[in-house]
Each structure stands twice: as structure tokens, then as C-alpha cells.
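Participant: Mind looking over this structure? Questions follow.
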Amino acid sequence: MPGLIANANRVNDFVVKFANVNGTGSASANSLVMKAIFRMGVPVTGKNYFPSNIQGLPTWYEIRVTRDAYAARASQVDIMVAMNAETYSRDVRELNSGGYLIYDSTWPRSGLLQRGDITVIAVPLAKLVNENFDGVRNRILLKNIAYAGVLAALIDVDLDVISGLLTESYGKKPKLLDSNTKALRLGYDYVKQHLTSPLPLRVEHMNKTRGHIMIDGNTAAGLGCVYAGATVGAWYPITPSTSLMDAFKGFCERFRVDPNTGERNFAVLQAEDELAAIGMVLGASWNGARAFTPTSGPGISLMNEFIGLAYYAEVPCVIFDVQRVGPSTGMPTRTQQSDIILCAYASHGDTRHVLLFPANPEECFYLAVQAFDIAERLQTPVFVLSDLDIGMNDWMCPDLQWDDAYRPDRGKILSQEELAGLEKFYRYVDRDDDAITYRTLPGTSPKGAFFTRGSGHNQYGGYTEDSAEYQVVLDRLKRKFVSAPKYLPKPVMLGKGSSEVGIVSLGSCDGAIREALDVLGRQKIDVDYLRVKSFPFNNDVEVFLKTHATIFVVEQNRDAQFRSLLTLETAVEKSKLNSILSYSGLPMSAEPIVNEIRAKLAEAPRLAAVPRKL
Amino acid sequence: MPGLIANANRVNDFVVKFANVNGTGSASANSLVMKAIFRMGVPVTGKNYFPSNIQGLPTWYEIRVTRDAYAARASQVDIMVAMNAETYSRDVRELNSGGYLIYDSTWPRSGLLQRGDITVIAVPLAKLVNENFDGVRNRILLKNIAYAGVLAALIDVDLDVISGLLTESYGKKPKLLDSNTKALRLGYDYVKQHLTSPLPLRVEHMNKTRGHIMIDGNTAAGLGCVYAGATVGAWYPITPSTSLMDAFKGFCERFRVDPNTGERNFAVLQAEDELAAIGMVLGASWNGARAFTPTSGPGISLMNEFIGLAYYAEVPCVIFDVQRVGPSTGMPTRTQQSDIILCAYASHGDTRHVLLFPANPEECFYLAVQAFDIAERLQTPVFVLSDLDIGMNDWMCPDLQWDDAYRPDRGKILSQEELAGLEKFYRYVDRDDDAITYRTLPGTSPKGAFFTRGSGHNQYGGYTEDSAEYQVVLDRLKRKFVSAPKYLPKPVMLGKGSSEVGIVSLGSCDGAIREALDVLGRQKIDVDYLRVKSFPFNNDVEVFLKTHATIFVVEQNRDAQFRSLLTLETAVEKSKLNSILSYSGLPMSAEPIVNEIRAKLAEAPRLAAVPRKL
Amino acid sequence: MSYINKPKVAHPSLPVNTLGMTRRQYEGSMSTLCAGCGHDSVTASIIEACWGLSLRPEQLVKLSGIGCSSKTTAYFVSGSHGFNSVHGRMPSIASGANAANRELTYVGVSGDGDSLSIGIGQLVHAIRRNVNMLYLIENNGVYGLTKGQFSASADIGTKAKRGDVNSSPPIDPVLLALTLGATFVARSFSGDKAQLVPLIQAGLRHNGFALIDVLSPCVTFNDHEGSTKSYTYTREHYHAAVEADFVPLAKEIAVDYAAGESLPVSLHDGSQVILRKLDPDYDPTDRTAAYNYIGNKLKKNEYVTGLIHIDESDSTEFHNLNHTAEAPLNSIPFEKLSPGRAALDKLMARYR
Amino acid sequence: MSYINKPKVAHPSLPVNTLGMTRRQYEGSMSTLCAGCGHDSVTASIIEACWGLSLRPEQLVKLSGIGCSSKTTAYFVSGSHGFNSVHGRMPSIASGANAANRELTYVGVSGDGDSLSIGIGQLVHAIRRNVNMLYLIENNGVYGLTKGQFSASADIGTKAKRGDVNSSPPIDPVLLALTLGATFVARSFSGDKAQLVPLIQAGLRHNGFALIDVLSPCVTFNDHEGSTKSYTYTREHYHAAVEADFVPLAKEIAVDYAAGESLPVSLHDGSQVILRKLDPDYDPTDRTAAYNYIGNKLKKNEYVTGLIHIDESDSTEFHNLNHTAEAPLNSIPFEKLSPGRAALDKLMARYR
Ligand SMILES: Cc1ncc(C[n+]2csc(CCOP(=O)(O)OP(=O)(O)O)c2C)c(N)n1
Ligand SMILES: Cc1ncc(C[n+]2csc(CCOP(=O)(O)OP(=O)(O)O)c2C)c(N)n1
Ligand code: SF4
Ligand code: SF4
Ligand SMILES: [Mg+2]
Ligand SMILES: [Mg+2]
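For the record, the sequence lines run as chains H, W, A and G.
Counting in the numbering used here, the first sequence runs from 1 upward without gaps.
Counting in the numbering used here, the second sequence runs from 615 upward without gaps.
Counting in the numbering used here, the third sequence runs from 1229 upward without gaps.
Counting in the numbering used here, the fourth sequence runs from 1581 upward without gaps.
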């Protein structure tokens, strides 16, 4: 077993990948394994690579067991559970040298041993399952649990923990509990009886997951909207944003329905398309509700016209863009950060928008809440730019916290009393000299009535075609945008701050960058890292860009969109900005970051002592 | 008459402004005057400032008599024909010191003499007209012709020329001809009998308009589409682009209808909205017709999703964006250049688009033709960014030329024969290594059949979710864009090229800049000027930016969008780029350019010798 | 300009409604439409209707898209909030606004271009969602504001001012609404204030989506010989099948109608509409029958007007289906919306 | 993946059409839909219909939006060009393509989400424009590709897999198309190939917009107890009112039908549809009558199927109205399109 040596003592630090066919219920088996490891106190991440169809195509699930709690995709696979004949050969190819291949040996396969540097583990899964269970569908499902059992035995997952999980899910359905437990044991015992186990790649109890949860970003964001007090959600289904609204609806049904009357303190409108969804959000926000819409790239494109109206008429609204691979329909089930420029400048005419960049599910929760405060404070659209990796994959995060003292910032809304105190109300007059004007809600009082329009208007809210009157409003809008950073989350700095080399990035690149920093650190290359959490940029961004000689901008798109935004919206000279791009559609891994930084620094040894050889 | 002195000898160089109420038919009277001056061989420009409604609101028409053939709006008014009581006081205020005010003295007005530095010319127009004509509508219309007569006498417009024009328009309607001629004379003779004429501000025959025409950009662009061989036009009405399709339709009805059969070699589809209009254009182009859509900002916003599809699936199409004041509905009857960034990067995901920037109606014609060649050569959307000033105002241009040898460049389309010669056809394989691949048209042959999709596809045209396959196509698209400039019109350079100061601009800023250059030149400030005609930028742009120490970027929007594009898409360091912005909605004038350049240079005297005082 | 409102000092002699307000106080800013435009008459009817209902201005919300018709929301009840949104998308703004506050009264004013061309998708779905609002289409067969192109409601054979003839079949908003299950469908004419005012009042009180297709001629671009949407043509071809009298909550029914011909329908808030059938064999409560009747008349180029169909079983009104709280969503205290820390801590267990 | 086409070698024994082509040669790439998806049966019927018509693959153009249904254009006639556009916007692509080349045969495949939600505006206007194409809605009451949310065709009371119940009224594409004046309106069921194939053939030959609403169950998200779009429910509730037999140009009518019950309609290209009325008191040529019949059956939860309405007076087909040249616009030589120098010089006079 050549693999053994290469992998000696890889405890709590390896990658298992499951190759399945979608629609066969493998998901539950895979997450069963992941959850079990998590409960053993060992950090894990799970990445799901699924096709844009419903049934019958190849799908993969990757569990990274990572004692160092790295959140990024690992660029290698140590154990491949190859359950899909169609992708078998490429799955074998993908396996790391010294890795392990688990396959269903019910029907022995040709070309198995085409690689001498891996260990092949044969288990007659179908045979075992068919001997013990009936029913086509049933057998398919239980075969998944059986390979979970096999894996559990091989990597030494605590059987009690798994059984515990099964009991939790099937507690109320004893039949199902029995069959699942039995299937699990079938695989587990087979290994114990016929194979040497555990493998050197194995899990051991740790204590690094207490106070943490496994959650996806869409669930966290949906929960955030509930906590922010959003009452109206409008949407049109689109991958990968759909589960955000599902979560909001689910939590509302739990927390917002009067147990006695059944009355609901929320409204979810499934719109006929994205143009309608954003229109509903504007209508609701304008009318005083906290409202939001989750969508993805194509939806943003369709919302362009309304976004311009919201900017110009100053109607708050919150838009979640769970980014996927573009252009056009692109690859709906793959991840990218390629809507940055579109969101920053969406719609015709002079427009610019506030963007928030969560880096993980935890931030999806907190930034969802902040997004509403910011939108109402600034009376403008706020985009939360998440992505498929954050939104749909399970990440390990610290428990979500809530301060009961929190109260929403509704911004400048005049009450009936305040109106009574005014001589006259004008919607767009800059009374406080902060470029933010006062609004009123329909139903308040005739004195507060004003006319909202996307056509030229003066500061009194009146229609105008007069250049000067038009410019008064447009200039204030610019001042408002310039003043925005003080209401926005500050960037996060990592590192001494004194290094000559800096990384600037955003969102889901974070995991890969943190891991890369460790690797580089071990190589005595130290690099500072600034993670931007919002746009327009805070002054800290300026400072970081100024104080670092060489800067790497890490992002997940082809055209260096974030680098473009930095170039346009800070004082930095772009020659200073080196791009590290990943637009494969797969979540980012540390490898390219490490390599490109080493390569670049090698060219300019002055910057840091870098061993010439890799 | 204090005015007299100030205006001594202003022959063929002054501005007349007409203040009217819209829907009263003043347009024909105003253009009658303009045309007459033009026919006297004296260069003129006309700017129309009309409201976004149909009847009853103030409207202005400005005729600039300019012996130097300046195309820009003049920033002063020498003669005000004040026919609108509602705007009377602001019209008086706008008049240049020493200027002349013509008003209808039928009902003497108060506050007439509120300005001592202007000459007031009273003509009892209504009285004259009512005494001589019947019918409310008729009187309103003829009163306009009467003031035209007044003006003709005052500024010495050749009466025969005007009569000639009247005969041309009413030749077939003797009754109308009579009444109009009579009305004209009423005004003309009144002046001759009661006032000293001509004024020192007057026109004299010249010879500077031969070989020229007065035409608006939408008409020229529509004509260009006809000459380019476009057969399908799809649109949804929107100011200020509507007249482009009206022109195309009109010319087609003249040139494309079989006199015998009545069969039409064109199809104009009035779509239900802009999403449908661009979809129709894509369908038609994909199917082998040259197709286009004219629109304005809101339309571009709505077309975003389809534009991304066209970019990614590589479907040629031509979009005319006749820009108006944004954001949102903005001021539909005012001009701006504020869709630059949106058009350059329209749609979600990594997308970038070819832009063309006509500077006047003449270029609207030629660039319209080129746009189709470029779109089909590059198999991508091409935006022609015009604006309301170019599109709807009458400009003096050299006669339009046509070379009968011209044949359209349909780009890489495989014929049935060519297909027969191929082993197998793949839509997106880069056979020629120029990043442009071959397409086939439906109906050609089963061998040429391919499947067009906006979802992930590999170079064979097949659906893919594979990172590598996806990237092959996306990377080629980037190479294609980088190679685009060689198919695009080059920028136009003006000046020695050796100056330290340079202006970079685009589109309708041209007239104002050329005039500013003359003014600065007279002040011994010499400045080079590069007018960009297309994006992505040609290398000449790089060179100009490199070889000039101080650069002024002149454009008509708030956010310096063109400067942003230069910053992102050239090597220039943006600190070098100084913005001169005009976003009032009025066509640009030379004044701000002269002033801002002088001011800036005054700060840095090193650059050029500038007298400290203005 | 719309912020310069005419002084609202009530002249003592002017009649006042139960709120003590005069008609003048229901006016808006000065119209910028063409003299004689049908839309201005509709505006006048809306003012009359609101005044008659003694509607509190702040209780009314005015919504519109883009077009001459859509501009009119600025010309009535300046004491109400107005939202002049983007072209063809007002129904989504209305749906959202209504979701946020179910207590206010929503009136949307649109045109045939705004509603039947660019906006037909949103109109269709607002009807399906049964948003509680009055939706007026000021139908003139053309795009007025863009200078007279044919709209989707232009009849076959109608001639444009410039001469071209329309050949595509018209979309009839009434037949469309009936097909989509609208619960209040009416048609009227801008020139028939007597018919229009009670329809507007009933529509405002109807609990659900109320559509009124108002034939409202465009004097500038579609009022000529050969147009089927001109004043003359409309006057000659419109035909009232069933008139509606609106009886506010307060009043009890004074007049008594000949049985059979009249049909009282009580509205959600207790007020009533009395339907007077001018054509005895017409049943405004039977959707399919109504569809036939209208359809057959249309074939004969007759526009049937009046309250064409009404169904007060408001079971499908959006908030009914959603079981939304009685109190407006925008008024619910934060404490009731945010589950708080304890709940969150408890919830965490689900993710371990 | 769709570029890997199965080998098209015709096995000698396979039956061939008049072009000498086998059914296999009308297939497309391998379907990636769920096993048992109704859409795959519709694909099979399209293949059968095209083969039966001996359609040249290059003469067919396949258009679609986005959805499981929209994917299916890749699964038939791989010898034809296909354009899988964006969600809900296929009708505009079709209108443009058809404008550019009136000679080809256009088939659009869409879903209830693609056509009745996001796409209803474009569908309505494609019908109004009477674009010459066959438009198939593979109607399953849900958004399959996004995992089963209700679509606008979901019936009131139908239960979703996850349990929630739909309460909004359904939009019926057939009633909608009749209201909009469509000249060919049919409904069928993916499971009834015998009925569907001739409808597709007639639809392809109809000169104008032909709509077929095909009930096509989603086995994964909408085939359960309590769904009104499941196989079982559909089988039980669909009811053929009028069957259509398609008789290609070549064949002369062999079978003779009992008078009164059968009605031959000749299509544009000379081929015929023979309508066999299973319900004698049904008249497929009377639009309003058809509307009633369908509407009343729907109230009883019966889906009427068959060729519901046909009108072969193709006067309103787009190119007829446009007087477009007979030759496809994309084939007209440049010389005929560009007026040339002399004309331009002459034209200049207008602008002096
Ligand atoms: C997205 C967009 N496209 C086009 C326009 C231009 N436009 C303004 S109003 C209008 C049509 C209005 O017609 P209708 O709704 O019938 O109103 P009317 O003026 O006839 O009362 C159009 C096309 C626009 N404002 N926005
Ligand atoms: C602009 C846009 N919004 C949303 C989506 C996501 N989406 C893809 S298919 C679909 C619905 C498909 O439903 P239907 O047309 O009924 O097809 P089915 O899958 O049921 O056959 C949706 C919402 C998209 N692709 N594009
Ligand atoms: S153009 Fe027509 S619709 Fe518009 S205001 Fe004038 S008359 Fe009314
Ligand atoms: S999800 Fe439903 S519609 Fe989609 S392929 Fe599966 S069965 Fe068919
Ligand atoms: Mg209209
Ligand atoms: Mg469906």
C-alpha cells in the first residue's frame, strides 16, 4: 500500500470526496458523515458540486477534515468514494497520489488498477444492501448509508455519534431508524471483518467545534432578515438564491405566526419575475416596511431599471445577490464573484450603489441585519454580495449572537408630530447638511404628502426640467454617497501591518487567503491582508493601499472587477495592483494564491526573502 | 440704444433665441428662419429645448449664426424673441447685455424696462395677425410666421430666400402659401415701416454652406441603417431615439418597397417593450439578417440580460443608445453622456462591449454602417452612443457620401459549400487563431446545425459545467475583445501633437472643444485634442495619454464615466486625468472648457504661459 | 410644477363633505396635459369620487407608471402620497405597497401602453394576486407621450394621424381581466362623469383588484376621423349595459328600483353598489356570461360600459390568502418581529 | 453532452419517411431530465411528428427559454439550429428570427413558468403579432428546474410536495390565447401521443401562431397525491372534445367520416386537418363558443383537449400584414437593400 507511507499520521487533516449521481439521496449520507466528524469536535467544511438539473447527472460532495479549521476548498482529494460509474475514471484520476479509492465491487470493474500509487478498497455495497433490503428506491437510499458506514469504519468515525445523529433524524420513524442503522452497520462491519482499519487517514476526537455550528449562508441571511424585522420579502426563484427565501419563510412560519389566530406578521410574495420582485420591494420599503429580495446575476440584470429609480428617488431597499457563474445563464450551480461592477454602477445615468461583502455564513447573518439599517439610513439600495459557495455550502461558524438591545435604525422618517412642528415639508431639502433628507410614510398626514418620481425633480420634490434645480439634487446624491462609509462596516486587517506586501480581497476568498497566509508564513514570507467588507471604501482601504508597496488583489472573476473598483474609487495607482484571479466556478483554494505570490516575489526578491525553488 | 455699441459689426455671428409655448407650431417658423440663413451661405446651428410633454409648456429654440461654423451651443443670447408670457421675465434675464428683446406689444407688458442695457423691440404681432386672418388655430400658426418676418427684417435675412422656402413647402397648397407669405410680409413690412433696420446684428450672404446640409443625427443614423443593408428593426418608442426608427421606416418606404408588387424588403417590429425589442434583434441577427434597435437609457437598463446573452453566445447586434439625462426617467428631453459605463460593461458576469461614439449627424451615418460590419465581424453587440443633442438637433454637416463599391462585412459565416468541405463543424473552435470563430445560419444544412445557449458551453457548442471547458471559451472571448480595436474607427487628433496639454473627449463635446481650442489658441495656449471614436481603445489613445503631461477629459455626465473607462482600460495613471464635466442637460458650450483649462494651467504655470487675469 | 399647490382656502359657500372638506381640497397640482385631453376629465371624476367618499387624503395612495395618463396622479389629491414609478411596472409597486400596509386605499392610474404593452405581465399578475386596489386604464389607443404610436388596444383598421393603419388585433383589458378571474371589472368613458364617478367609488371600496378601463381620447394624436378611439366614435359606439349607483355606508337606500332590473351588492365595508341593468338579459355576476356578452358586442364594434362584473366573495384577496395580521405590517412593533436572543440560542442546536 | 450525438447510421430495417430518413435521424442529444418526466414524452411526439412530415432538419428552427421544458429543444432533431435563450423571452427571439426568414419552420418549447410568469408579456404579444410558429407549453404547474415552486398555472387547492397549498387562481393558456385572438389553440397531454402528434403536425403547418398547451407532469415535484397536474389526476380529468387527424399534402383522404361530426380544414400548404368532434355540440371554429365550452368544463375541473380552435384565414399573420417580400429578408441581395450613391446625392437636396 504505497499510499500508506505518503499519508502517514494524517489525523484530522484530509479530504474525502463522494462521487454520486444526483437525485439518489446521497446528500443525507454525506452530511451524516460530516456532521458526525463535526460532533467529534473536529473542524470540517463541506463543498457540494451539483449539476444544473434535477436527476441523473454526476454530483460530488467534498468533506475536508481540517484540524486547523481551514474554510477553503482543498485542492487535493485523499479518499474518493466513487459511486458513479459514469465519472469513475476521472474520479480515479483526481485522487491524490497515495490516496484511497472506495468503490462498489458488486460488479468488478475493468481498468481498476490503472494507477499503482493509490489504494483501492473494494466493498460489494449493492450486494450487501440487496441481500438485506427490498424495494428499488429503498435500496438506492440505504446503499448510501452503507457506504457511510464503510467510511466511518475506515476513518474511524465514532459509531455512537453517527447512531446519535440517525436517532435524531429518524427518532419518530422507528422503521426508518432500524433500516438506516442496519445499513450503516452493514458497511461498518464489512470493513471491520474484511479490511484493515482504520486507515492512517483518520479522525480523532478533538475539542475545536464547541460553540460552533455548521450552517450555509442563505439560511443565515434569511435568519438575519427575520431578526432585522423585515416583513416583506419578494422574489422570483433562481439558483443559488432560492434557499434564502425558503429560510426566511421557514423562520417566519416558526417565529412570526400568532399561535392563537394564525395571523402572520410577514408577507412573502413570489413575483412573476425579478422586475416585479424589485418593484414590490420598492413599493413596500417606500410604504415603510423593511423589504428585501434575494436573487442572482440574471435577476440583477433585470432589476437595473428599478435600481436606478430607487437610487434617484431615494427609496431604501435590500438586495441579496448570491452570485453564480456568468455571463448570461452561465453555470447556475457554480460559484463566482462576477457581479461586482454591475452592482456598483447598476442602471443608466450617473448611479452608484452601496455594496456589502460577507465572507461566510456568520457574516451573512450580521450583514443582513446591517443592510437594512444602512439602506434606511442612506435611503438607497444596498446590495449584499454573497455567492454560491457561501450561500449553499455548509460552513463551520461560531454560534450566532444577538443583542436584545438592538433596535433598527429606520433613518430619517418624520412622524405626524414632527410634521406638525414643521412650517412646510420638502422631501429633498438637505436640512441637516449631511446630504440625507427626510422622508415621510404614506398614511401619516396630508402635510407629509409628497410625490415620488424617477423623472427630474428639484429639492422640493417638484417636477423639473431646469438644469440648476436638477443639479442641486444630483450633487447632493453624490455627497451622500461620499459620506456613506461612516455608516458601513470597516475592513478587517490581518498581519503586522508593516509588511511590504499586502493582499486586498473580499467575500468568500477569505478562507483560501487565510490558509495561504499560513503557508507563506511557514516559508517566512509575511504578508498583510485587508478584507474589504463594504463599498464605497473606507479610508482604511486607502491607507492600506498606500502603505503597501506590492498589493495582490484576490477575487473570483475573469476581469478583475474588484481591482477595477479599487482603481476607480481609491487613490491607488493601478500599476501597484496585481491580480490573482479564480473563475473556474469552484470555490477558491489556497494554492494559486501561494504560487502566484511566490512567483511574483521571486521576480522582485527585494520585497522578501523567497527560496528560489518551490 | 446702448446695445448697439456693444454689438457693433456683429455680422453673421450672433445668437437668436425663440421663447414659445409647445404645441403652437412655432417649430416651422423657427426652422424657416434657420434654413433661410443657411441658404444665404451662412453657417448656423439650431438647438431645441423642449419639455417632456405635448402641449402648453415653455419651449425654446436657439439659432446660432456662426460665420466660423461653430457647432456648439453659444453660452449667450443676443436676440430674444419672447413669445411666451409665462417665461417672459427669465427670458429677459437671459438676454446678453446689449441684446435685443422682441415681444408682442398687442398687450403692453409691465416691467418691460426692468433692464436698461437691452433694446426692446415692440411689435403688435397678435393685432396684425388678427386683423388679417381668421380662425384660432390659423392665427396662432401665422403669428409664428409673422415674427419670422419681423426677425427677417431686423437681421436682414434675404426675403427671396424665405419666400423660396415657403414655396417649396406650400407649393402644392396655394391657399397656405398665400397666407404664410402674407403673414411673413406683415411682420417684415411692420419693421420696415416703424423701426430702424437692420440691426447691427445681421446676416450677410457668404459662401460657407455649399456642399453642406442641415440634418439631425437620428435621421442620419436611420439612413445609415438603410445603406448598411439592415432589414429588421425592432424598437419600443422612447425619447430621444424615436425619430431614428421613424427615419429608417420612412427611408425604407421610399427605397425598399417594390413599386409593382408593394412587397417590402424590410420589417420594422414595434415591440411591446425593450426586452422584446433586443430579443427580436438577437433572433433576427442570429438568423442572418442585419438587425438593430434604437433606444435610450431606460431601454439599455432593460436590455441588460439579453446583452449578456449576446456577448456570451456571440450573437451580433447593433444598439443605438441616444442618451438623455438620467438617472431613471430623468429629463427625457435633455442631453447627457451618462450611459458610458453601463454600456461598456452591461449585464452580470464578466462582460465587455464595443462602443462607437459619433460626434455629429455625419458620423451617425457612417458609424451606423460600420457598426453592422463590426458587429458581424466580431459577433458581439455593438453600441452606438449618440445623444439627444446629436440625435434631435439640426447640425450643419458636409454632404453624406457613399461609395457604391462598399459591400457589407458579414464576418465568418460558413456557406453550405464551405460546410461540405469540413470534416465536422464546431461553433466555438478558434480555427484561425484570431479568437473569432465561425457561425452558420439556420437553413443552411444539418451539418452546420449547432445549439446556441447562454448557459455554460464548451468550444464545441456543447453544454458544460466543466471548469476547464468553460474557461476555454471565456478566455477566448477576452482575447477577442482585446483584438477588437483593429476593426474599430481610430481616434481623431487635432493640434501639433507636441503640446504638454491634451484634451481627450468623445461624441458631442467635439463642437465645444474645437471652439475652445480656437479661443485658447488666440490666448497663446495651445492644446492637443484627441477625440475617441470607439471602445476598446486603440493604441493611439495610449500614446496620446503617455505623451501629454496634463490631460483634460471632457464629457457630459456627473461621474466622469469616460475618465473611468480610460482609467480602467489604458495604462494611464488617473492622477493625470483632469475632468471637465457638464451635466446640466444642455448641449455643451466652449466656455467651461476654456475657463477650467485656464484655471488649471494658472495653478501650474510651468505648463503654459497664461495671463493671470481673465 | 407639482409642489406649487393652489391655495386650499375653502370658500364658505363651497359644498363640503362629511370631513368638512371642499372639492378644491381634493385637487392636485396643475395639469400639464393638452387642453381637452380625456385624462383630465378622468382626473376630475377621481376628485369628485374621493370627495364624495369623504376619503382622508392621507389614507389614499396614488401610483402610476409613465405616460400622459400616468402623470395625472400628480393632478388630484395633493394631500396623498404619490409614486410615479417606471414605465409599465406600477402593479409591482402597488403589490409591495399594499403588502406593507393593508389599511390604506390604493389607486393606480395607467395608460393602455403602460398597461397592455410593456406592463401587461405585471398587470396580469396583479390581477391574479388580487391586490386590493383600484386600477384605472386611461385608454386612448395610442402612446400619447411619445407622440402617437399605436398601442396594443388600437383596433384593427384604425387610422393614425400620420396615416398608417393598424392591423394587429386589439387587446381588450375587460375580456382579459374576466379571463384572469378579476373580481371587479368595469368600463367607462372619460366623457361620462355620471357613470364614472360611482364606478370609481365602488372600485375604491371593493376588497380586491378593481379594474376600470376608461376610454379617454387623446385629442392630439387620436381624435381624428378614422380613429376608433376619438370622442365622436366613442360616443357613438359605447353602450351602457349596467349602471352602478354607489351608496355609502351612511345613507340607506332611498330610491327603490324596479325589481329584476336592479341588483344591490354590498361591499366589504358595508357600503353598497346598486346595479341597474339597462339590458335585462345581462348578468354581471356570471363571469362567463359577461365575457360572452362583451365579446359579442365587441365584434359589432360596441364597447359595453358599466360595472361589467363584480364578485364580492373576497376570498382570494391577497391578505386573506396570506392570513396577514390585521394591523399593517409596517406598524408591527419590532419586539414582535425579532425573535430575540433566547430564541436564537435555542435555534443554534439545529446546526450542530 | 449535447454535442455528442448518437451515431445516426440508419439500420436497414428501420422505417424511413419520404426523405428516406429514419426516426433516429430526428433525435437529438440524450435527455438529462428525470426518468419519467412528461417532457421527454413530448420530445418523442415532436420527433414522431417531424419524421412523419418528412421535415428537412435544416428547415426547422428550435427555440426555447429556460427550464426543464426549455432544455428539451436539445433533445430532438439535432440537425436543426437551436436557440436556448433566456428565461421567458423566447417569443421575442422567435419574432425576430421569423422576421429575418419567413421560409423556415419555427417551433418554440416552453414551460408554464417560462410562459405564464416571467414570459407572459412576450407570449401575449407574440400571439397578438401572430408570429408564424408552433408554440408548445409543457405545462406541469410548477417550476421544475428550481425545485418545484408553484407556477401561475397551478390550480387552487393543489398541494405542493413540501405541503403548502396554492390559493391563487390559475392562468389558463387556452382561455388566454382565445381571448387574445390566437388562430390555432390546442390542448393535449404528454401521455397521449396519438392525440399529440397530429396536433404538432397541424401546428407546424398552420400559417400563424399555433399554441399547444401540453399537460406534462413533473414526476419529481408535482406527481403526488393532492396535485392536480399529476399523471393520475390528468388521466382522470382530461377529456377530448375534438380530435384532429393530420393529412399531409400528398395523401388524399382515405377514411371517410360520419358527416356532421367531422370537419376538414385545409391548411396553408394544402395539407388538411380533419376535426372529429367527440362532443357533437362543440364548434372549434367559433372562438367565443369554444371559450365558453372550455371555461365551463374547467369550472368542473375538466381539461378539454384536442384542437380547440382553428382559424385558417391567415390574414393577420405577421408577414401578411407587413407585406414582406416572399424571399427571406436575410437572402435579399445587398444591391436591392442599399439605395446607392446616386439616390443619396439626390436625397441631400431635402436637407438644404
Ligand atoms: C422603459 C421605457 N421605455 C419607453 C419609455 C417612453 N414612453 C414614455 S410614455 C410611453 C407610452 C405611454 O403610453 P400610454 O401608457 O398609453 O400613456 P398615454 O401617454 O397614452 O396616456 C412610452 C413608450 C419610457 N418612459 N420608459
Ligand atoms: C431571469 C431568470 N430568473 C430565474 C431563473 C431561474 N429559473 C430557471 S428555470 C425557472 C422556472 C422554470 O419553470 P418552467 O418554465 O415551468 O419549466 P419546468 O422546469 O417546469 O419545465 C426558473 C425560475 C432564470 N434562469 N432566469
Ligand atoms: S398627447 Fe394625448 S394623451 Fe397626452 S396629454 Fe395630449 S391629448 Fe392627452
Ligand atoms: S424536475 Fe420535473 S420537470 Fe424537471 S426534469 Fe424532473 S420531472 Fe421533469
Ligand atoms: Mg395611451
Ligand atoms: Mg413548469
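Ideal Cβ positions, reconstructed from N, Cα and C, are used throughout, including at glycine.
Bear in mind the structure is a predicted one, so any value in this text is a computation, not a measurement.
Using the three-state DSSP reduction, which class does W/Tyr675 fall into: helix, strand or coil?
Facilitator: Secondary structure at W/Tyr675: strand, using DSSP grouped into helix, strand and coil.
Participant: Would you say the beta carbon of A/Cys1262 is closer than 7 Å to some non-hydrogen atom of ligand 3?
Facilitator: yes
Participant: Just how far apart, CA to CA, sit W/Ser1113 and W/Ser915?
Facilitator: 40 Å
Participant: Let me check you understand the geometry: is the CB of H/Ile54 closer than 7 Å to at least one non-hydrogen atom of ligand 4?
Facilitator: yes
Participant: Roughly how many angstroms separate the alpha carbons of A/Ala1570 and H/Gly229, rounded to a whole number?
Facilitator: Going from the Cα of A/Ala1570 to the Cα of H/Gly229 covers about 16 Å.
Participant: For G/Gly1737, would you say it is in contact with chain A, using Cβ-to-Cβ distances shorter than 8 Å as the test?
Facilitator: no
Participant: Using a beta-carbon distance below 8 Å, is G/Gly1747 in contact with chain A?
Facilitator: It is worth fixing the name first, because residue 1747 of chain G is Ser in this sequence and not Gly. So, interface residue.
Participant: Quick one: what does DSSP say H/Thr329 is sitting in, helix, strand or coil?
Facilitator: DSSP places H/Thr329 outside both helix and strand once states are collapsed to three, so it counts as coil.
Participant: Using the Cβ count rule (16 or more neighbours within 10 Å means buried), how would you classify H/Val482?
Facilitator: exposed
Participant: Decide if the stretch 1536–1550 of chain A is in contact with the stretch 205–220 of chain H; the criterion is three or more beta carbon pairs, one per stretch, under 8 Å apart.
Facilitator: Flag = no, the stretch 1536–1550 of chain A and the stretch 205–220 of chain H do not touch.
Participant: Please tell me whether H/His348 has its Cβ less than 8 Å away from any Cβ of chain W.
Facilitator: Taking Cβ atoms only, chain W reaches closer than 8 Å to H/His348, which makes this a yes.
Participant: Give the range of the alpha helix (DSSP H) segment to which G/Glu1816 is assigned.
Facilitator: 1811–1817
Participant: Taking the C-alpha atoms as reference points, what is the distance between G/Thr1612 and H/Glu131?
Facilitator: 31 Å
Participant: Less than 8 Å between CB atoms is the rule here; does G/Ser1695 satisfy it with respect to chain H?
Facilitator: no
Participant: Quick one: which chain G residues come within Cβ less than 7 Å of H/Leu57?
Facilitator: Thr1612
Participant: Taking 7 Å as the limit between beta carbons, can you name the residues of its chain near H/Val161, skipping five residues before and five after?
Facilitator: Short of 7 Å from the beta carbon of H/Val161, and not among the five residues preceding or following it, lie these beta carbons of its own chain, in chain order: Ala36, Arg39, Met40.
Participant: Hey, how far is the Cα of G/Thr1598 from the Cα of G/Gly1771?
Facilitator: 27 Å
Participant: Within the same chain, show all residues whose beta-carbon is closer than 6 Å to that of H/Val257, passing over the 5 residues directly before and after it, in chain order.
Facilitator: Arg264
Participant: Are the CB atoms of H/Met588 and H/Ala72 nearer to each other than 8 Å?
Facilitator: yes
Participant: What do you reckon, are the CB atoms on A/Leu1332 and A/Gln1287 nearer than 8 Å?
Facilitator: Yes, they are a contact pair.
Participant: In the DSSP output, which residue or residues are listed as bridge partners for H/Val429?
Facilitator: Beta-bridge pairing links H/Val429 to no other residue.
Participant: Which residues share a DSSP beta bridge with H/Val527?
Facilitator: DSSP, once it has assigned bridges, lists no residue as partnering H/Val527.
Participant: Any C-beta of chain A sitting closer than 8 Å to the C-beta of W/Gln884?
Facilitator: Answer yes: the Cβ-Cβ gap between W/Gln884 and chain A drops below 8 Å somewhere.
Participant: Exposed or buried, H/Asp373, counting other C-beta atoms within 10 Å across all chains shown (16 or more means buried)?
Facilitator: buried
Participant: Which runs of the beta strand (DSSP E) at least 3 residues long sit entirely within the stretch 1624–1679 of chain G? Give them in chain order.
Facilitator: 1640–1644, 1661–1664
Participant: Between H/Gly25 and chain A, is any beta-carbon pair separated by less than 8 Å?
Facilitator: no
Participant: Which parts of the stretch 209–274 of chain H are runs of the beta strand (DSSP E), unbroken and 3 residues or longer, counting only runs that do not cross its ends?
Facilitator: 212–215, 232–235, 267–270
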